[in-house]
Amino acid sequence: MDSETLSWSLFARYVPAYGKPIEGMDIALFRALPETIWFFFQEDRLLTASGTNVVGIGYDAHAVGNHSLPLGGNVLDWVESVTAVHPLGTFDGHPCCAVQAAADSDRREPGSDGFWTGVPDGFHWQPLREVIPTLDGDAGFLAGRALQILNWRRNNQFCGRCGTEMEPRADERAMACPKCGFLQYPRLSPAIIVAVTRGDALLLAHGNHFPAGMYSIVAGFVEPGETFEDCISREVQEEIGIRVKDIRYLSSQPWPFPDSLMVGFTAEWASGGIQVDGVEIGDAKWYTREAMPSIPGPHSIAGRIIRKWLNGPL
Ligand SMILES: [Zn+2]
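Heads up: the sequence shown is residues 18 to 331, going by this note's numbering.
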């Protein structure tokens with residue numbers, strides 16, 4: 018994604034489509050497809066080749082930022098156990114799929130090519146959280162989408178209402194209970210993130226789970242029944258002790274760990290003095306552009322909003 022902007026999109030090179038997940042013996046059909054791009058996961062680890070120069074690996078790969086994704090059906094031979102293939106649509110004109118392997122499933126026996134063991138040299142399983150900042154923006158969002166779909170499928174094998182085994186629907190991305198009809202769609206958890214300003218100062222807080230010395234803008238999950246504006250007012254008052262006004266929307270960013278949608282806003286200080294809750298927030302101050310603490314990196318919406326403010330009023 019462009020590091021200078023607050024607007025980006027999953028759909029720069031990706032065309033979405035729903036395909037019913039392929040399970041069981043039918044997975045073998047994908048072995049014959051040479052043009053498919055694979056978002057292949059073990060738990061939260063994505064299979065990538067480092068770098069974009071994949072000559073010498075001996076397998077096709079598709080460059081996405083500083084990494085390359087496996088291309089072609091032989092990727093399915095690299096692990097022992099593939100449970101499902103989820104068609105996602107097309108990326109750069111290639112069909113693309115999310116696929117999950119069991120943890121520690123690297124093949125140790127000869128594959129269908131007769132000799133293979135494990136993933137080829139040059140490919141690695143890397144935590145998506147570490148890989149995302151190095152991917153092209155839309156590739157990173159699509160990798161996040163793939164991981165969320167796989168986790169959603171894995172977490173909804175049985176009906177939460179009656180316990181019957183769930184089945185994927187043919188016409189939309191939903192798990193359905195054949196007994197009671199309960200439907201489960203991929204879950205999203207919206208969260209607000211807000212840059213509160215007072216004159217030329219920005220409110221930055223140190224969360225108790227942050228690295229030492231790092232400060233960021235206030236964030237929190239939306240609770241049932243709240244508007245975004247309600248959530249901002251409550252979170253800022255609970256965590257910092259002040260009231261805000263003039264709330265304006267800025268931008269949003271999906272965050273797949275595990276299923277957040279960060280929705281960014283600005284607000285103005287209205288009243289009250291800083292009094293942190295001491296539980297989630299250990300410290301908070303008004304910072305001017307001349308004396309800033311350590312802030313989050315530019316791949317997060319928090320880091321981007323703060324950097325935009327450093328360049329001028331939001
Ligand atoms: Zn049910």
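Think of the CB as a built atom: it goes at the ideal place given N, C-alpha and C, for glycine as much as any other residue.
Using DSSP bridges, identify the partner residues of Asp300.
Here the question's residue 300 lines up with position 283 in the sequence shown. Answer is His223.
If you run the structure through DSSP and keep just helix, strand and coil, what is Ser20?
On the sequence shown, position 3 is the one that residue 20 refers to. Because the pLDDT at Ser20 is just 47, under 50, the model does not fix this residue reliably, and the point stays unresolved.
I'd like to confirm something about Arg306: is its beta-carbon nearer than 7 Å to some heavy atom of ligand 1, or not?
To locate residue 306, count along the sequence shown from 1; it is residue 289. False, no ligand heavy atom lies under 7 Å from that Cβ.
My output table needs one value for Cys114: the three-state DSSP class, helix, strand or coil.
Reading the sequence shown from its first residue, position 97 is the one you call residue 114. Cys114: strand per DSSP, three-state reduction.
Sorted by chain position, which residues of the same chain lie with C-beta nearer than 7 Å to Arg30's C-beta, five sequence neighbours on each side aside?
Reading the sequence shown from its first residue, position 13 is the one you call residue 30. Closer than 7 Å at Cβ, skipping near neighbours: Phe108, Asp109 and Asp155.
Determine the closest residue to Arg48 out of Leu23, Val116 and Val32, with distance taken between C-alpha atoms.
Position 31 of the sequence shown holds residue 48. Here the closest residue by C-alpha is Val116.
From which residue to which residue does the alpha helix (DSSP H) around Val253 run?
Walking along the sequence shown from the start, residue 253 turns up at place 236. Element bounds for Val253: Phe245 to Ile257.
How big is the Cα-Cα spacing for Ser20 and Gly320?
As a first step, residue 20 is located in the sequence shown; it is residue number 3 there, counting from the start. As a first step, residue 320 is located in the sequence shown; it is residue number 303 there, counting from the start. At Ser20, the pLDDT of 47 sits below 50, so the modelled position is not reliable and the matter cannot be decided from this model.
Buried or exposed, going by whether 16 or more other CB atoms sit within 10 Å of the CB of His84?
The residue labelled residue 84 in the question sits at position 67 within the sequence shown. Buried.
Can you give me the Cβ contacts of Gly89 inside the same chain, cut-off strictly under 8 Å, excluding the 5 residues immediately before and after it?
The residue you call residue 89 lines up with position 72 of the sequence shown. For Gly89, where only same-chain residues beyond five positions count, the Cβ hits under 8 Å are Leu50, Pro51, Glu52, Thr53, Tyr76 and Asp77.
Expressed to the nearest angstrom, what Euclidean distance is found between the alpha-carbon atoms of Glu60 and Cys114?
Working through the sequence shown from its first residue, we reach residue 60 at position 43. Working through the sequence shown from its first residue, we reach residue 114 at position 97. When rounded, the distance between both Cα atoms is 16 Å.
Would Ile264 and Ile291 be called neighbours here (beta carbons separated by less than 8 Å)?
Against the sequence shown, residue 264 aligns to sequence position 247. Against the sequence shown, residue 291 aligns to sequence position 274. Not closer than 8 Å, so no.
Give me the Cβ distance between Pro203 and Trp169, rounded to the nearest whole Å; I'm assuming they're in contact under 8 Å.
Start at 1 with the first residue of the sequence shown, and residue 203 comes out as number 186. Start at 1 with the first residue of the sequence shown, and residue 169 comes out as number 152. With 8 Å as the limit, Pro203 and Trp169 qualify as a contact, their Cβ atoms being about 4 Å apart.
Between the alpha carbons of Pro195 and Trp303, how many angstroms are there, rounded?
What you label residue 195 is simply residue 178 of the sequence shown in a count that begins at 1. What you label residue 303 is simply residue 286 of the sequence shown in a count that begins at 1. Pro195 and Trp303: Cα-Cα distance of roughly 55 Å.
Roughly how many angstroms lie between the CA atoms of Leu331 and Leu267, to the nearest whole one?
Sequence index remark: in the sequence shown, residue 331 carries index 314 (1-based). Sequence index remark: in the sequence shown, residue 267 carries index 250 (1-based). Taking the straight line from one Cα to the other gives about 8 Å.
Out of Phe158, Glu255, Glu297 and Gly289, point me to the one whose CA is closest to His316's CA.
For this step, residue 316 is matched to residue 299 along the sequence shown. For the residues Phe158, Glu255, Glu297 and Gly289, the minimum Cα distance to His316 belongs to Phe158.
Within 10 angstroms of its Cβ, does Val296 collect 16 or more other Cβ (buried), or is it exposed?
Along the sequence shown, one-based indexing puts residue 296 at 279. Result: exposed.
Tell me, which residues are paired with Tyr31 by DSSP?
Position 14 of the sequence shown, counted from the first residue, corresponds to residue 31. Answer is Phe108.
So Leu105 and Ile44 are supposed to be a Cβ contact under 8 Å. How far apart are they, rounded?
Counting from 1 along the sequence shown, the entry for residue 105 is found at position 88. Counting from 1 along the sequence shown, the entry for residue 44 is found at position 27. At roughly 15 Å, the Cβ-Cβ gap does not stay under 8 Å, so Leu105 and Ile44 are not in contact.
Tell me which residues share the same chain as Leu23 and place their Cβ nearer than 8 Å to its Cβ, disregarding the 5 neighbours each side in the sequence.
Here residue 23 refers to the residue found at position 6 of the sequence shown. Only Leu267, Ser268, Gly281, Ile318, Arg321, Ile322 and Lys325 meet the Cβ criterion.
How would the residue list near ligand 1 read, in chain order, if you kept each one whose beta-carbon is closer than 5 Å to any heavy atom?
The filter returns Cys176, Arg178, Cys179, Thr181, Cys194, Lys196, Cys197 and Phe199, in chain order.
With distances taken from CA atoms, which of Ile210, Phe57 and Ile298 is nearest Ser98?
In the sequence shown, counting from the first residue as 1, residue 98 sits at position 81. Cα-wise, what sits closest to Ser98 is Phe57.
With Ser311 and Ser206 assumed to form a contact (beta carbons below 8 Å), what rounded beta-carbon distance in angstroms separates them?
Here residue 311 is taken as the residue at index 294 of the sequence shown, counted from 1. Here residue 206 is taken as the residue at index 189 of the sequence shown, counted from 1. 27 Å between Cβ atoms; not a contact.
What number of angstroms, rounded off, separates the C-alpha of Gly36 from the C-alpha of Ile209?
Counting from one through the sequence shown, the residue named residue 36 turns up at place 19. Counting from one through the sequence shown, the residue named residue 209 turns up at place 192. For Gly36 and Ile209, the distance between alpha carbons rounds to 32 Å.
On a Cα-Cα basis, can you pick out the residue from Ala287, Met279, Ser233 and Asn225 that is closest to Ser250?
Position 233 of the sequence shown, counted from the first residue, corresponds to residue 250. If we check each option's Cα against that of Ser250, Ala287 comes out closest.
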